[in-house]
Each structure stands twice: as structure tokens, then as C-alpha cells.
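> Shown below is the structure under consideration.
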Amino acid sequence: MDFKQLQEEFRKLEEDAGREASSALLQIMELKMSDFKSYIDQKFTSIEERFSSIDQRFSSIQWMIGISFTFLSILMVILKFF
12 MDFKQLQEEF RKLEEDAGRE ASSALLQIME LKMSDFKSYI DQKFTSIEER FSSIDQRFSS
72 IQWMIGISFT FLSILMVILK FF
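So the sequence shown is numbered by our numbering: it starts at 12 and just counts up by one.
As C-alpha cells, then:
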């Protein structure tokens, strides 16, 4: 083997190693992204649960305020006639 053939073989090995390293990096990134996605999904689910309970409480408060205003309005109308 002469020097030129050795250089070509070395370049091929470098290219193969580069492809393998790139492939390994992509696999690591995909794994990290899937871990991050599952983490975000988990946090989003817990936030949704918190907001749904707040939404239910707020809905109950709105009903109570509405009933109170209705009662006060009826009371004011009745007291106007006396």
C-alpha cells in the first residue's frame, strides 16, 4: 500500500466514524426529546387538573353571585311596593 491508498482508507474510516457519531448523537437527541416530551405532558396534565378544579370553584362562585343578585333584585322590587 502506498501513502495515497492509506490516506483514502483513513478518509473512509473517518467518514464512517463521522456517520456513526452523527447517528449516535441523533439517537441521543431523540431520546432526550422523548424524555422532555413526556415531562412536558406530565406537567401539562397536572396543570390542567389544577385549572379544572379552579374552573369548577369559579363556576360555583358565579352561580352564587348570580343567585344573590337575583334575590336582591326581587327583594328590592318587593320593598318598592311597601
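Quick reminder that beta carbons are idealized off the backbone N, C-alpha and C, glycines included.
As the structure is a prediction and not an experimental result, all values here were calculated from the model.
From Asp52 to Glu25, what does the alpha carbon distance come to, in whole angstroms?
The alpha-carbon atoms of Asp52 and Glu25 are separated by roughly 40 Å.
> Straight-line CA distance for Leu69 to Arg30?
What sits at residue 69 in the sequence shown is Phe, not Leu. Answer to the nearest angstrom: the Cα atoms are 57 Å apart.
> CB-CB under 7 Å to Ile39, same chain, minus the five flanking residues each way: which ones, in chain order?
Excluding positions up to five away in sequence, the list is empty.
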